[in-house]
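> Here the protein sequences come in this chain order: W and H.
Taken in order, the first sequence gives residues 314 to 482; the numbers are from my numbering.
Taken in order, the second sequence gives residues 148 to 248; the numbers are from my numbering.
A virtual CB, placed ideally from N, CA and C, is assigned to each residue, including glycine.
Let me begin by handing over the structure; questions about it come next.
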Amino acid sequence: MDLGVAQNWFFLIISLLMVAASLVVVTSRNVMHAALMLIGALGGSAALFILLGAEFVAGVLVLVYIGAIIVLFLFGVMITRVPIGQSHSLDHANRWPAATVAIATFAVLAGSAVAFFGDEEISGVNAVRTSDIGETIFDRFVVPFEVVSFVLLAALIGGIVLARKDPES
Amino acid sequence: MTIAQFLVLSAALFSIGIYGVLIRRNAVLVLLAVELMLAAVNINFVAFGSYFADSAAGAQVFALFIITVAAAEVGIGLAIVLLIFRNRASANIDELDVLKW
């Protein structure tokens, strides 16, 4: 990684913040802190998307994830009465097998990526215009788009059916 | 910017997500870790889209699809967690043994 380029400094700062925030997400003893630190990790990935010229995806990520999904998580935390504040019963006792699996996964993924791509540059990042994305969705990916809209509809109905109270009982 | 630095960051986030899924007892926190893994996959898609510059728009459309499916997954997942909590008065996944006998 060439640190003479300003983009790489931005990348380094953003990625360190993201890794730190996601470590807090998985290790924090406070549920609210974990949910709020997910905003840090996702906001960092939105910043990386802007660095890669994917402005529309960055906007959608902020709107959908940070605007809607985090709020849904906070509702979930409050409804299911997870102990808000310090709690010692959030984790399993045996953390070393989990850490071993995670470190082995990281070694395999990162090692194979570095071994295959080496230091090939992303040459000339061009911002993808939103109109290009719109044309791609409604031209090449129109069938997957309809399928995804059906998935959303099914999830909506399923969520209502699952979460409502049974009228008989 | 090299492609490998994005892939290494994404691998790190994915591994942290795996650790969270394995270590957490509370179902809401497991879903948070799954979101972390989905975000890592999104970074991969967009980085490869910029690397193969002629398919950038297609890669970003796939990232949008992943965001949509993640939203659906969280909705359904939290509804299931709510239902479990209503029936068992607990959202800890290691206390869910109704399918065992």
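(1) By alpha-carbon positions, which one of W:Ser341, W:Gly424, W:Asn407 and W:Val332 ends up nearest to methionine 184 of chain H?
(2) Is it buried or exposed, phenylalanine 463 of chain W, if we count other Cβ atoms within 10 angstroms and call 16 or more buried?
(3) Given a cut-off of 8 Å, decide if isoleucine 150 of chain H and isoleucine 363 of chain W are closer than it, judged by their beta-carbon atoms.
(4) To the nearest whole angstrom, what separates the beta carbons of isoleucine 223 of chain H and glycine 472 of chain W, a pair I think is in contact under 8 Å?
(5) DSSP on glutamate 434 of chain W, reduced to helix/strand/coil?
(6) Are the beta-carbon atoms belonging to alanine 334 of chain W and glycine 353 of chain W less than 8 Å from one another?
(7) Closest to valine 461 of chain W by CA distance: which of H:Ser237, H:Ser197, H:Asn239 and H:Ala217 is it?
(8) Mind checking whether arginine 171 of chain H and aspartate 404 of chain W have CB atoms under 8 Å apart?
(9) Whole angstroms is fine: what's the gap from phenylalanine 153 of chain H's alpha carbon to alanine 210 of chain H's?
(10) Apart from the five residues on each side of it in sequence, which residues of its chain come closer than 7 Å, Cβ to Cβ, to glutamine 320 of chain W?
(11) When you check each C-beta in the segment 421-443 of chain W against every C-beta of chain H, which residues fall closer than 8 Å?
(12) Just grab the DSSP bridge partners of glycine 449 of chain W for me.
(13) Residues of chain H with CB closer than 8 Å to the CB of phenylalanine 419 of chain W, please, in chain order.
(14) From the DSSP output, read off the bridge partner residues of threonine 149 of chain H.
(15) When the Cα atoms are used, what is the spatial distance from phenylalanine 369 of chain W to lysine 478 of chain W?
(16) Does the distance between the C-beta of glutamine 207 of chain H and the nearest non-hydrogen atom of the ligand ADP fall short of 7 Å?
(17) When the cut-off is 8 Å and only beta carbons count, does valine 177 of chain H lie next to chain W?
(18) Hey, quick one: how far does the alpha helix (DSSP H) through alanine 348 of chain W stretch, first residue to last?
(19) Go through its chain and collect everything with a Cβ distance to glutamine 207 of chain H's Cβ below 8 Å, but skip five positions before and after it.
(20) Assuming leucine 475 of chain W and isoleucine 227 of chain H are in contact, meaning their beta carbons sit under 8 Å apart, how far apart are those beta carbons, in whole angstroms?
(21) Out of W:Met345, W:Ser358, W:Asn343 and W:Ala415, which one is the CA nearest neighbour of leucine 325 of chain W?
(22) Consult DSSP for glycine 244 of chain H and reduce its assignment to one of helix, strand or coil.
(23) With 8 Å as the threshold, decide whether the Cβ of arginine 342 of chain W is near any Cβ in chain H.
Concretely, from the data shown:
(1) W:Val332
(2) Residue burial annotation: phenylalanine 463 of chain W is exposed, with fewer than 16 other C-beta atoms found within 10 angstroms of its C-beta.
(3) Not in contact: isoleucine 363 of chain W and isoleucine 150 of chain H (Cβ atoms no closer than 8 Å).
(4) 6 Å
(5) strand
(6) Contact: yes.
(7) Looking at the Cα atoms, H:Ala217 is the closest of the given residues.
(8) Yes, they are a contact pair.
(9) One C-alpha to the other measures close to 15 Å.
(10) Leu364
(11) Leu422, Ala423, Ala426, Val427, Phe430, Gly431, Asp432, Glu433, Glu434, Ile435, Ser436, Gly437, Val438, Asn439 and Val441
(12) One point to set straight first is that residue 449 of chain W is threonine, not glycine, in the sequence displayed. According to DSSP, threonine 449 of chain W bridges with nothing at all.
(13) Within chain H, Ala158, Ala159, Phe161 and Ser162 have C-beta atoms less than 8 Å from the C-beta of phenylalanine 419 of chain W, given in sequence order.
(14) The partner list for threonine 149 of chain H (beta bridge, DSSP) reads W:Glu434.
(15) 39 Å
(16) With respect to small molecules bound, the structure shown includes none, and the ligand ADP cannot be examined in it.
(17) no
(18) 344-364
(19) Phe192, Val193 and Gly196
(20) Confirmed, about 6 Å.
(21) When only C-alpha atoms are compared, the closest one is W:Ser358.
(22) The sequence shown places aspartate at residue 244 of chain H, not glycine. Three-state result, aspartate 244 of chain H: coil.
(23) no
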